[in-house]
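Quick note on my numbering: the first sequence kicks off at 264 and runs consecutively.
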Amino acid sequence: MTIIVKDIGTVDVEKGKDLLSIAYELGFKDALSALVNAQPKDLSHIPQDGDAVEFITFKHGLGKEIYWHSTAHLMAYAVKNLHPDAILGIGPATDDGFYYDFLIDKPLSDDDLAGIEEEMRRILDEDHRFKRVELSKDEMRELLTERGETLKVELLNDIEDEVISGYWLGEFFDLCRGPHLPSTSYIGAFKLLSVAGAYWRGDEERPMLSRIYGISFPTVEELERHLKLLEEAKRRDHRLIGRQMDLFSIEEKVGSGLVLWHPKGAVILDIIQRFWTDEHIKHGYQIVQTPHIMRDMLFKTSGHYDFYIDNMYTLNVEGTEYVLKPMNCPAHFLIYMSEIRSYRDLPIRYAEMGTVYRRERSGTLHGLLRVRGFTIDDAHIFCTPEQITEEVKKCLKFSVFFIETFGFTDYHFELSVRDPLNKDKYAGSDEEWERAEEALLKAAREVGFEPVRMEGEAVFYGPKLDLKLHDALGRIWQATTIQFDFNLPARFGAVYVDTDGERKEVVVIHRALLGSMERFMGTLIEHYGGDFPLWIAPVQARVLSVSDKFIKYARKVHDILKGDGIRSELDDRDARLQQKIRDAEVMKVPYMLIVGEKEEKEGLVSVRVRKRGNIGTVHLNEFIDNIKSEIESKSTPSMLKKE
RNA sequence: GCCCAUGUAGCUCAGUCGGUAGAGCACCUGCAUGGUAAGCAGGCGGUCACCAGUUCGAAUCUGGUCGUGGGCUCCA
264 MTIIVKDIGT VDVEKGKDLL SIAYELGFKD ALSALVNAQP KDLSHIPQDG
314 DAVEFITFKH GLGKEIYWHS TAHLMAYAVK NLHPDAILGI GPATDDGFYY
364 DFLIDKPLSD DDLAGIEEEM RRILDEDHRF KRVELSKDEM RELLTERGET
414 LKVELLNDIE DEVISGYWLG EFFDLCRGPH LPSTSYIGAF KLLSVAGAYW
464 RGDEERPMLS RIYGISFPTV EELERHLKLL EEAKRRDHRL IGRQMDLFSI
514 EEKVGSGLVL WHPKGAVILD IIQRFWTDEH IKHGYQIVQT PHIMRDMLFK
564 TSGHYDFYID NMYTLNVEGT EYVLKPMNCP AHFLIYMSEI RSYRDLPIRY
614 AEMGTVYRRE RSGTLHGLLR VRGFTIDDAH IFCTPEQITE EVKKCLKFSV
664 FFIETFGFTD YHFELSVRDP LNKDKYAGSD EEWERAEEAL LKAAREVGFE
714 PVRMEGEAVF YGPKLDLKLH DALGRIWQAT TIQFDFNLPA RFGAVYVDTD
764 GERKEVVVIH RALLGSMERF MGTLIEHYGG DFPLWIAPVQ ARVLSVSDKF
814 IKYARKVHDI LKGDGIRSEL DDRDARLQQK IRDAEVMKVP YMLIVGEKEE
864 KEGLVSVRVR KRGNIGTVHL NEFIDNIKSE IESKSTPSML KKE
């Protein structure tokens with residue numbers, strides 16, 4: 264018989280031969296699984312005449328999934344050996360590894376990981392095969408019940424199929440769709456990374472299970488490379504760099520999730536905000552500013568109050584209820600509605616660096632990325648239905664301009680739409696949703712992007728288009744969000760007078776390009792690891808005197824730089840040059856200007872670049888010209904791109 | 001909010017079996033005047049997160065509160 268193998272073509276094979284032998288004969292030595300007529304299969308599968316076969320290696324996304332999933336089974340086997348009372352939850356592969364959840368009397372802790380790894384190694388030495396079995400639902404239920412796997416029985420009951428598959432690995436059995444690796448010998452290197460609590464089926468009302476996260480690779484080298492990447496991520500942690508560079512702090516005395524911006528952090532915020540304001544004005548926005556507290560009525564009108572009150576900070580002033588604003592939209596609506604608006608006025612674009620407060624649950628707070636007080640680079644665009652596509656296109660181009668200026672070259676878009684099965688929970692008509700989705704998609708395509716469609720990810724008041732950026736380590740962060748709103752215009756009665764003299768409901772687009780300033784700063788810090796491009800570096804140059812004989816000249820250089828608008832610092836401490844250099848390097852200062860006898864005599868500076876070292880001596884004026892043009896260019900230093 | 005871990009000097013951390021605390025860095029003082037990633041010496045600095053409890057005695061044991069971290073959940 265013949266099968267069609269991807270990358271090879273039609274191949275004659277002996278009937279009854281399994282995929283593993285076929286892969287071996289054809290030289291697909293790294294194959295771990297295969298797609299047979301686009302269905303994932305174990306290599307023990309026996310193909311039929313005419314099947315289309317694609318062998319899958321670890322390099323494929325699916326290959327990784329299978330590899331990690333199989334490692335999860337191995338881990339669960341080890342856990343069951345060590346803790347026979349543990350009941351299996353679920354154990355899938357994730358984007359970067361795998362986990363398995365266990366219901367266990369005494370929750371697992373980090374200290375248990377080493378023992379589990381050891382047991383995994385012991386099992387690995389026994390070299391077990393993953394053996395697939397297919398049972399009827401009743402047989403499967405019986406087997407799982409007999410093994411005490413009550414949670415698996417619950418999962419089983421939700422499966423519609425008649426024939427249910429499971430896998431044996433030695434004494435270990437798991438309900439599982441598969442496929443799996445042929446045997447544990449394929450698992451080259453693994454590491455258990457952490458334990459955490461996780462609700463059964465993600466439901467707060469259900470029991471808390473112990474979850475173990477891990478990762479595995481075919482070779483030790485790949486594992487080590489991955490662990491190094493995790494180390495690098497740890498080294499770039501914005502909380503750590505924030506302290507090292509003295510950018511910000513979050514103090515218990517102030518309150519959780521509230522950020523104190525120190526001078527060096529605040530100066531970065533200021534640079535970003537000035538740039539932001541200038542560009543918004545250039546792009547046809549009007550800057551507005553609205554109060555931090557507003558009467559609760561406003562949020563009752565907007566409809567947020569009932570739904571969101573638990574997350575709002577409230578205060579009572581002389582018997583009147585106020586809230587700290589959790590969002591800027593209602594205030595922008597009131598500005599819009601302060602006059603009768605004509606179609607001739609539209610689009611109207613209001614932008615505000617609006618600081619909002621939301622009482623996020625304590626467990627969700629995380630450095631700058633999840634806070635309770637933050638500033639949104641918010642804007643609301645009021646327009647007619649005909650203007651939608653054009654306005655969305657402008658937002659997209661504007662967003663990309665910002666993101667790229669800040670040095671992010673990789674990103675993708677996601678279009679979040681309604682959950683088709685649950686249309687009731689959304690505001691707005693089918694027609695409005697369709698029109699808005701179409702406008703978002705059309706705008707994205709016209710600007711040259713194909714967004715990833717995310718079913719059910721839309722917020723209740725309208726569809727949205729998000730830009731997700733990829734940082735220097737390949738991690739994905741939320742940045743721009745462009746959202747339609749079918750809720751507020753109706754609630755506020757926000758209208759415009761059309762050409763026919765009729766009042767019509769205005770269309771509103773909410774958008775934030777950077778997201779929140781706090782989160783964006785966290786993203787920037789981690790992307791650059793603190794080595795900011797010159798134009799946003801909190802300190803651009805530091806003048807180091809070789810000894811205290813040259814402090815006078817050092818101060819003169821420093822004053823000239825400051826006078827030219829360059830963020831300069833002077834290190835006039837009575838310390839050795841080596842120490843001054845080290846301290847400047849630790850603070851990630853882009854340029855160190857070293858001045859001693861020679862420099863003073865001839866009006867020179869000796870220039871040292873962070874992480875690179877001494878690049879020679881130039882006249883001060885020449886240095887200033889160069890640094891100014893580098894600031895002007897907003898460029899990302901080439902030495903940073905390589906990292 | 002929930003599970004687990006955790007909280008000692010400004011920072012990073014040590015502190016054994018319960019006997020009221022230690023290092024490095026930072027800071028201050030002095031010596032050294034040093035040319036491209038930490039010169040040397042001395043000094044200052046702690047209500048051991050907070051509140052109760054057990055004990056002759058608590059950084060240490062117990063309970064609670066708050067904070068932080070890893071997750072779950074949430075993100076209008």
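No residue lacks a Cβ here, since even glycine has one placed at the ideal position from N, Cα and C.
Next on the checklist: Could you tell me the alpha carbon to alpha carbon distance between residue 487 and residue 645, rounded to whole angstroms?
Outcome noted: Here the question's residue 487 lines up with position 224 in the first sequence. Here the question's residue 645 lines up with position 382 in the first sequence. Residue 487 and residue 645: Cα-Cα distance of roughly 52 Å.
Next on the checklist: With distance defined between alpha-carbon atoms, name the residue in 648, 626, 707, 615 nearest to residue 656.
Outcome noted: As a first step, residue 656 is located in the first sequence; it is residue number 393 there, counting from the start. Here the closest residue by C-alpha is 707.
Checklist entry - Are there 16 or more other CB atoms within 10 angstroms of the CB of residue 856, so buried, or fewer, so exposed? => result Here residue 856 refers to the residue found at position 593 when the first sequence is read from its first residue. Buried is the call here.
Next on the checklist: Can you look up residue 367 in the DSSP assignment and give me helix, strand or coil?
Outcome noted: For this step, residue 367 is matched to residue 104 along the first sequence. Coil at residue 367, not helix or strand.
Item to check | Segments of 4+ residues assigned as alpha helix (DSSP H) that fall wholly inside the stretch 726-758 | outcome: 751-755
Checklist entry - Which residues does DSSP pair with residue 437 in a beta bridge? => result Position 174 of the first sequence holds residue 437. In DSSP, residue 437 forms a bridge with 430.
Checklist entry - Quick one: what's got a C-beta closer than 6 Å to residue 831's C-beta in the same chain, skipping five residues either side? => result Start at 1 with the first residue of the first sequence, and residue 831 comes out as number 568. If we look at residue 831 and ignore the five residues flanking it on each side, its Cβ neighbours are 804, 821, 824, 825.
Item to check | For residue 457: DSSP bridge partner residues | outcome: What you label residue 457 is simply residue 194 of the first sequence in a count that begins at 1. Partner(s): 476.
Item to check | Own chain partners of residue 540 with C-beta closer than 7 Å, once the 5 adjacent residues on each side are dropped | outcome: Against the first sequence, residue 540 aligns to sequence position 277. The residues are 550.
Item to check | Distance between residue 690 and residue 905 (C-alpha atoms, nearest Å) | outcome: In the first sequence, residue 905 corresponds to position 642, counting from 1. In the first sequence, residue 690 corresponds to position 427, counting from 1. Unreliable positioning characterises residue 905 in this predicted model, as indicated by a pLDDT of 33, which lies under 50. The coordinate reading is nonetheless provided below. For residue 905 and residue 690, the distance between alpha carbons rounds to 47 Å.
Checklist entry - What's the C-alpha gap between residue 908 and residue 755? => result Because the chain in this structure spans residues 264 to 906, residue 908 falls outside the shown range and cannot be described.
Item to check | Status (buried if at least 16 other CB within 10 Å, exposed otherwise) for residue 723 | outcome: By 1-based counting over the first sequence, the position of residue 723 is 460. So residue 723 ends up on the exposed side.
Item to check | Own chain residues within Cβ distance below 8 Å of residue 505, not counting five before or after | outcome: In the first sequence, the residue the question calls residue 505 occupies position 242. Closer than 8 Å at the Cβ level, and outside the excluded window around residue 505, lie 511, 512, 528, 630, 631, 788.
Checklist entry - Do the stretch 729-745 and the stretch 753-767 meet, that is, are 3 or more Cβ pairs less than 8 Å apart? => result no
Checklist entry - Under a three-way DSSP split, which group does residue 813 fall into? => result Taking the first residue of the first sequence as 1, we reach residue 813 at position 550. In this structure, residue 813 counts as helix in the three-state DSSP scheme.
Item to check | Sub-8 Å separation of residue 795 and residue 732 beta-carbons | outcome: Sequence index remark: in the first sequence, residue 795 carries index 532 (1-based). Sequence index remark: in the first sequence, residue 732 carries index 469 (1-based). Their beta carbons are not under 8 Å apart, which means residue 795 does not touch residue 732 by this criterion.
Next on the checklist: If I follow the unbroken alpha helix (DSSP H) through residue 508, where does it start and stop?
Outcome noted: In the first sequence, the residue the question calls residue 508 occupies position 245. Run containing residue 508: none; DSSP gives neither H nor E here.
Item to check | Beta-carbon contacts of residue 413 that lie in its chain and below 7 Å, excluding the five residues immediately before and after | outcome: Residue mapping note: residue 413 aligns to position 150 of the first sequence, counting from 1. Within the same chain, residue 413 has close Cβ partners 350.
Checklist entry - Sorted by chain position, which residues of the same chain lie with C-beta nearer than 6 Å to residue 556's C-beta, five sequence neighbours on each side aside? => result Within the first sequence, numbered from 1, the residue matching residue 556 stands at position 293. Around residue 556: 585, 587.
Checklist entry - Considering only C-alpha positions, which residue in the set 434, 638, 383, 590 is nearest to residue 450? => result Here residue 450 refers to the residue found at position 187 when the first sequence is read from its first residue. Out of 434, 638, 383, 590, 383 has the C-alpha closest to the C-alpha of residue 450.
Checklist entry - According to DSSP, what are the bridge partners of residue 790? => result In the first sequence, the residue the question calls residue 790 occupies position 527. Partner(s): none; residue 790 has no beta bridge.
Next on the checklist: On the DSSP bridge list, what partners appear for residue 641?
Outcome noted: Here residue 641 refers to the residue found at position 378 of the first sequence. In DSSP, residue 641 forms a bridge with 615, 775.
Checklist entry - With distances taken from CA atoms, which of 634, 341, 560 is nearest residue 517? => result Within the first sequence, residue 517 is the residue found at index 254, counting from 1. Ranking 634, 341, 560 by Cα distance to residue 517 puts 634 first.
Checklist entry - Secondary structure at residue 593, three-state DSSP: helix, strand or coil? => result Here residue 593 refers to the residue found at position 330 when the first sequence is read from its first residue. The answer is helix: DSSP assigns residue 593 an H, G or I state.
Checklist entry - Around the Cβ of residue 447, are there at least 16 other Cβ atoms within 10 angstroms (buried) or fewer (exposed)? => result Translated into the one-based positions of the first sequence, residue 447 becomes position 184. Classification of residue 447: buried, given that the 10 Å Cβ count is 16 or more.
Checklist entry - Between residue 779 and residue 641, what straight-line distance do the alpha-carbon atoms span, to the nearest angstrom? => result Walking along the first sequence from the start, residue 779 turns up at place 516. Walking along the first sequence from the start, residue 641 turns up at place 378. Looking at the two C-alpha atoms, the distance is approximately 9 Å.
Checklist entry - Thinking C-beta only, is residue 296 closer than 8 Å to residue 324? => result Stepping through the first sequence from its first residue, residue 324 is reached at position 61. Stepping through the first sequence from its first residue, residue 296 is reached at position 33. No, the Cβ-Cβ distance between residue 324 and residue 296 is not below 8 Å.
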